Amino acid sequence: ARAILANPRILILDEATSSVDTRTEMLIQQALATLLAGRTSFVIAHRLSTVRNADQVLVIDDGRIVERGTHRELLLAEGLYAQLHRRQFRDTPAAAAV
752 ARAILANPRI
762 LILDEATSSV
772 DTRTEMLIQQ
782 ALATLLAGRT
792 SFVIAHRLST
802 VRNADQVLVI
812 DDGRIVERGT
822 HRELLLAEGL
832 YAQLHRRQFR
842 DTPAAAAV
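Here the sequence shown is numbered in the numbering used here, starting from 752 and rising by one per residue.
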């Protein structure tokens with residue numbers, strides 16, 4: 752919260768929603784969408800729902816960038832991101848939506 756009050760041009764969020772339930776995560780993401788507008792932000796996350804609306808997603812495996820693209824591009828590429836997405840959302844009806 753203090754970082755946002757300082758009005759930085761670049762903001763790094765490391766697992767900002769990792770310890771909250773999915774409902775709270777959704778509320779935080781809605782608030783962040785407004786707060787991050789006009790800034791460069793790096794969002795580090797294991798929950799793919801956190802990066803779904805990112806301009807670019809970098810998929811890192813074993814310390815190396817193995818994929819890069821939008822959420823939609825990465826799902827269509829059927830690579831590691833798509834595999835992780837299927838695992839995280841297998842019980843969710845909206846998981847099939849690209």
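Idealized CB from N, CA, C, for every residue including glycine. Here the structure is a predicted model, which means the values were calculated and not measured.
Here GLU776 carries a helix assignment [DSSP, helix/strand/coil]. Rounded to the nearest whole angstrom, the C-alpha separation of VAL817 and ASN804 is 19 angstroms. Looking only at ARG837, VAL810, ARG838 and THR801, the smallest Cα-Cα distance to ALA782 is reached by THR801. Distances from the alpha-carbon of GLY830 to those of THR785, HIS797 and VAL810 put VAL810 closest. In this structure, GLN807 is the residue among GLN839, GLU776 and GLN807 with its C-alpha nearest to the C-alpha of THR821.
Our two residues, LEU764 and THR775, have alpha carbons roughly 16 angstroms apart in a direct line. Relative to the Cα of GLU766, the nearest Cα in the group TYR832, PRO759 and SER792 belongs to SER792.
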